[in-house]
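Engineer:
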Amino acid sequence: MTNVGVIGSGAMGSGIAQVAATAGHTVFLYDNNPAALQRSKDKLEKIMNRLVEKGRVDEATAQAIQSRIHYVDSLYDFKEPGMVIEAIVENLEVKRNVFEQLELIVPKDCIIATNTSSLSIAAIAAVCKDPGRVLGIHFFNPAPLMKLVEIIPAIQTDSAVLEQACERIESWGKITVVAKDTPGFIVNRVARPFYGEALRILEEGLADAATIDWAMTEIGKFKMGPFTLMDYIGNDVNYTVTETVFQSFFFDPRYKPSFTQKRLSEAGYLGRKSGRGYYDYRDGAQNPEPDKDKKLGQEIVWRILVMLINEAADALYLNIASREDIDLAMTKGVNYPKGLLQWADEKGIHHCVETMDRLHHEYLEDRYRCSPLLRKMARDGMKFYEEAE
Ligand SMILES: NC(=O)c1ccc[n+]([C@@H]2O[C@H](COP(=O)([O-])OP(=O)(O)OC[C@H]3O[C@@H](n4cnc5c(N)ncnc54)[C@H](O)[C@@H]3O)[C@@H](O)[C@H]2O)c1
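The following block contains the structure:
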């Protein structure tokens, strides 16, 4: 078993170290903040105790997993790693500095990966003398629980490195999807309308947050409504991701952030963690009841869903990932009840195009432009997964 190095012992690095150690690797976990290393160690001990209490692992296994992680305060303490995954602060310059140093320390055949959510893998790889061994390995939070991992080759990445990385991560019990090195990769790109269109419906006064959440869970069968989910993620975090994606796409209006969310974030209404967001989480607070009008609910679900389908179709059109990987990413990464392209087939490609064109005609905004792929498929009578009758 090769040794694994993890850089950054925060939320993601700690989780990734746990996953690798559980798979049997000796892990070297480095952070430049000793307090963060100690927190990570304490947190893993708590997690392992809980798993033992619940009977998920036995005492000896829990001990073995913990003993396989070495908490180190220098990159020079990494012992012959076959793979290193970086999960430090989301800052291009800081990451590039670490990659430059790291490459001089690790063996020549060591794969070097970044867990970045939003930065360009090509820009990180470019500081290395051998950028062919660099790629993105994007885990979701919490890493030990979330099955999906997006693997992102940069234009410089060797195909053998991509293959080895996929194999290694799958051997850790994860499902991998391969995504092009573009903003938001698959999940954080395709999921934007789940929040953005819900916010737009709210801003237009068509329905309130409780009604939109009710429609999306009861009728749409999503696990969580968009406002409950934004409150859970944190409006500050969710807003920042949206703004980053918007900027990275050269201000494509499709990804335009919402003032409603910006103001909530500015006011400190961050969601659950601050006690208030779209909903009030303080003791004894009363939240509004949804308007359970079925027709309104169906309209809300279809408007958000068709925007998601359009985004997924466009990601396929632009070769961001394969049809299967786009559907897998959304069902396994964010627990959508169905793959969006499969959903498009069921709803009818024509129906999707008609709705997008109706919205576009009504608002005259580029935000509602229909993907050329959907339009072409409707014209040719095609489906994503089977030939149309
Ligand atoms: N939190 C998420 O939901 C999530 C999900 C997927 C990917 N990511 C990405 O993972 C990375 C880490 O995110 P996080 O949420 O774990 O952050 P975090 O703030 O919890 O942890 C980052 C850790 O990196 C350490 N660090 C900072 N600079 C360092 C340096 N130069 N050398 C060594 N250690 C350094 C910090 O001390 C800290 O412990 C980011 O790139 C983020 O975009 C985050």
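The opening position of the sequence shown corresponds to residue 7 in my numbering, with each subsequent residue numbered one higher.
Just so it is clear, CB atoms sit at the ideal spot from N, CA and C, and this is done for glycine as well.
It should be emphasised that the depicted structure is a prediction, and the values quoted were computed from it without experimental measurement.
Please return the same chain residues whose Cβ sits closer than 6 Å to the Cβ of Leu346, not counting the five positions on each side in sequence.
Structural biologist: Taking the first residue of the sequence shown as 1, we reach residue 346 at position 340. Result list for Leu346: Leu314, Ile315, Ala318 and Met336, in chain order.
Engineer: Compute the Euclidean distance between the alpha carbons of Phe256 and Glu65, then round it to the nearest angstrom.
Structural biologist: Residue numbering aside, residue 256 sits at position 250 when the sequence shown is read from its first letter. Residue numbering aside, residue 65 sits at position 59 when the sequence shown is read from its first letter. Rounded to the nearest angstrom, the two C-alpha atoms are 52 Å apart.
Engineer: Flag this pair as yes or no: are the beta carbons of Ile117 and Val63 separated by less than 7 Å?
Structural biologist: Within the sequence shown, numbered from 1, the residue matching residue 117 stands at position 111. Within the sequence shown, numbered from 1, the residue matching residue 63 stands at position 57. Not closer than 7 Å, so no.
Engineer: For Ile13, report the span of its beta strand (DSSP E) as first-last.
Structural biologist: On the sequence shown, residue 13 is found 7 positions in, with the first residue counted as 1. Looking at the DSSP string, the run of the beta strand (DSSP E) that includes Ile13 is Asn9 to Ile13.
Engineer: May I have the straight-line CA-CA distance separating Ser271 from Lys49, to the nearest angstrom?
Structural biologist: The residue given as residue 271 occupies position 265 in the sequence shown. The residue given as residue 49 occupies position 43 in the sequence shown. Rounded to whole angstroms, Ser271 to Lys49 spans 28 Å at the Cα level.
Engineer: Within 10 Å of its beta-carbon, does Lys60 have 16 or more other beta-carbons around it, so buried, or fewer, so exposed?
Structural biologist: As a first step, residue 60 is located in the sequence shown; it is residue number 54 there, counting from the start. Classification of Lys60: exposed, given that the 10 Å Cβ count is below 16.
Engineer: Which residue wins for smallest C-alpha separation from His76, given the options Ile13, Ala291, Pro259 and Gly190?
Structural biologist: Translated into positions along the sequence shown, residue 76 becomes position 70. Ranking Ile13, Ala291, Pro259 and Gly190 by Cα distance to His76 puts Ile13 first.
Engineer: Can you determine whether any heavy atom of ligand 1 sits closer than 6 Å to the C-beta of Asn147, and answer yes or no?
Structural biologist: Here residue 147 refers to the residue found at position 141 when the sequence shown is read from its first residue. Yes; taking the cut-off as 6 Å, the Cβ of Asn147 has a heavy atom of ligand 1 nearer than that.
Engineer: From the DSSP output, which residues share a beta bridge with Leu212?
Structural biologist: Numbered from 1 along the sequence shown, position 206 holds the residue referred to as residue 212. Leu212 pairs with nothing; no bridge assigned.
Engineer: As an exercise, report each continuous beta strand (DSSP E) stretch of at least 3 residues that is fully enclosed by the region 27-73, in chain order.
Structural biologist: Listed in chain order, the complete beta strand (DSSP E) runs (minimum 3 residues) inside the region 27-73 are 33-36.
Engineer: Closest to Val307 by CA distance: which of Ile181, Ala23 and Lys353 is it?
Structural biologist: Here residue 307 is taken as the residue at index 301 of the sequence shown, counted from 1. Considering only alpha carbons, the answer is Lys353.
Engineer: Kindly list the residues whose CB is nearer than 8 Å to the CB of Tyr323, restricted to its own chain and excluding five residues on each side of it in sequence; keep chain order.
Structural biologist: Taking the sequence shown and counting its residues from 1, the one referred to as residue 323 is at position 317. Same-chain partners within the cutoff: Ser377, Pro378 and Leu379.
Engineer: Can you give me the Cβ contacts of Ala350 inside the same chain, cut-off strictly under 7 Å, excluding the 5 residues immediately before and after it?
Structural biologist: Indexing the sequence shown from 1 puts residue 350 at position 344. Hits under 7 Å: Ile315, Ala319, Cys358 and Phe390.
Engineer: Would you say the region 192-210 touches the region 285-295, given that touching needs at least three Cβ pairs under 8 Å?
Structural biologist: Taking 8 Å as the limit for Cβ pairs, the verdict is that the region 285-295 does not touch the region 192-210.
Engineer: Here's the rule: buried if 16 or more other CB atoms are within 10 angstroms of the residue's CB, otherwise exposed. What is Glu210?
Structural biologist: In the sequence shown, residue 210 corresponds to position 204, counting from 1. Its Cβ having fewer than 16 others within 10 Å, Glu210 is exposed.
Engineer: For Asn244, is the classification buried or exposed, using 16 other Cβ atoms within 10 angstroms of its Cβ as the cut-off for buried?
Structural biologist: Here the question's residue 244 lines up with position 238 in the sequence shown. When all chains shown are included, Asn244 counts as buried.
Engineer: What first and last residue would you give for the beta strand (DSSP E) that runs through Thr120?
Structural biologist: In the sequence shown, the residue the question calls residue 120 occupies position 114. Per DSSP, Thr120 belongs to the beta strand (DSSP E) from Ile117 to Thr120.
Engineer: Kindly identify the DSSP beta-bridge partner or partners of Arg282.
Structural biologist: The sequence position of residue 282 within the sequence shown is 276, counting from 1. Arg282 is bridged to Gly277 and Asp286.
Engineer: Sort out for me which residues DSSP pairs Ile157 with in a bridge.
Structural biologist: Here residue 157 refers to the residue found at position 151 of the sequence shown. In DSSP, Ile157 forms a bridge with Ile143 and Val184.
Engineer: Check whether the Cβ of Gly142 sits closer than 6 Å to any heavy atom of ligand 1, and report yes or no.
Structural biologist: On the sequence shown, position 136 is the one that residue 142 refers to. No, since every heavy atom of ligand 1 falls outside the 6 Å radius drawn around the Cβ of Gly142.
Engineer: Using DSSP's beta-bridge definition, name the partner residues of His76.
Structural biologist: Residue mapping note: residue 76 aligns to position 70 of the sequence shown, counting from 1. His76 pairs with Phe34.
Engineer: With DSSP as the reference, label Gly303 as helix, strand or coil.
Structural biologist: Sequence index remark: in the sequence shown, residue 303 carries index 297 (1-based). Helix.
Engineer: Would Gln69 be called buried (16 or more neighbouring beta carbons within 10 Å of its own) or exposed?
Structural biologist: If you number the sequence shown from 1, residue 69 lands on position 63. Its Cβ having fewer than 16 others within 10 Å, Gln69 is exposed.
Engineer: Helix, strand or coil: which one does DSSP assign to Met89?
Structural biologist: Against the sequence shown, residue 89 aligns to sequence position 83. DSSP places Met89 in strand when its eight states are reduced to three.
Engineer: Please check if any C-beta of chain C sits within less than 7 Å of the C-beta of Ser328.
Structural biologist: Chain labels in this structure do not include chain C; a single protein chain is all it has.
Engineer: Buried or exposed, going by whether 16 or more other CB atoms sit within 10 Å of the CB of Phe265?
Structural biologist: On the sequence shown, position 259 is the one that residue 265 refers to. By the 10 Å Cβ count, Phe265 comes out exposed.
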